[in-house]
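To keep things clear, I will list the structure first and then write my remarks on it.
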Amino acid sequence: MALSPWAPNQLGGTGVCGLLAHELEIHSPGAGFVPARFTVDLFRPVLDEPIRLSSEIVRDGSRVRMVDAAIVQRDSVRARASVMYLAATQDPPGEVWQPIRRLPAPTAPLDMPGGCPPLFKSGEQDWTGDFASGQNNQRKAAWHNLPPLIDGEPITPFQRAAFVADATSLVCNWGTEGVGYINSDVTLTLTRLPEGPELGLQAQDQVSSNGIVVGTALMYDRTGPLGTTVITGLSNARRQVDLAAFAASRSFAE
């Protein structure tokens, strides 16, 4: 499940984001802080080979901690990330405008032990595990319950959110011909960590021209919104991904 749909010898961006979050989390200031902004630059393929992770604290204060991390293979940095931890506190007084949100979630919990393939929703269609269901131009949402990121370790809420953030391309860029943009960077913003094993993404916006795309999604769980995700992508039309065929090749199609 960690391998990329773009090439069989590469890791998918979801796994790369999850691994970088795992490394950054080593330097978490603790429960009183929220990983409020997580950004990943995906500028070289991360190969299905041994991986070395490195990280350092860049700034450490009473309200803010900044940490950088990188994935190194073949003596070169393949991807890098940063996280900004902010101290949790009370919201300021007063009322502020917020949009009316309709956050779709499957009626039945997606709570199989050890995780399971995601569910998808296009427009007003029902939730389905069919990887061919999103081959259309309707607004999309996805619902996830992830397996452990690393063998022998339970996946943490931050790792779960980081992994799912890269799937923003799936809800924003999946169209009538499949997915033709590959992520060059991912940014996740969080006001709190997800609760429980289930996590949703709903497309909010998509802007594209000159073979470059920016997609924005809302991340949420069954208790409400958590934050947003933003991806920048580059056209990879020569290797357009048919997700139904990809799922069948990995044996997790419906």
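Taking the working numbering, I'd label the letters of the sequence shown as residues 45 to 298.
Think of the CB as a built atom: it goes at the ideal place given N, C-alpha and C, for glycine as much as any other residue.
Asked	Found
Counting only the same chain and skipping the five closest in sequence on each side, list residues whose C-beta sits under 6 Å from that of Ala247.	Arg183, Lys184, Val215, Cys216 and Ala261
Confirm, please, whether the CB-CB distance from Val84 to Val60 is below 9 Å.	yes
Name the two residues that bound the continuous alpha helix (DSSP H) containing Leu163.	Leu163 -> not in any alpha helix (DSSP H); beta strand (DSSP E) instead, spanning Cys160 to Ser166.
Specify the secondary structure class of Val215 as computed by DSSP and reduced to three states.	helix
Can you tell me the Cα-Cα spacing of Gln284 and Leu278, whole angstroms?	12 Å
Classify Gly62 as helix, strand or coil using the three-state DSSP reduction.	helix
Which residue marks the beginning of the alpha helix (DSSP H) containing Gln203, and which one marks its end?	Pro201 to Ala209
Check whether the segment 257–275 and the segment 200–211 are in contact - that is, three or more C-beta pairs closer than 8 Å.	yes
In its own chain, which residues sit with a C-beta less than 6 Å from the C-beta of Met110, not counting the 5 before and 5 after it?	Val102, Arg103 and Met128
Output the boundary residues of the beta strand (DSSP E) element that contains Asp85.	Phe77 to Leu86
Taking buried to mean at least 16 other C-beta atoms within 10 Å of its own C-beta, is Phe320 buried or exposed?	Residue 320 lies beyond the range of the chain shown here (45 to 298); nothing can be said about it.
Based on DSSP bridge pairs, tell me the residues matched to Glu67.	Note: Glu67 sits in no beta bridge, so no partner.
Drop a sphere of 10 angstroms on the beta-carbon of Gln203, count the other beta-carbons inside from all chains shown, and report buried for 16 or more, exposed for fewer.	buried
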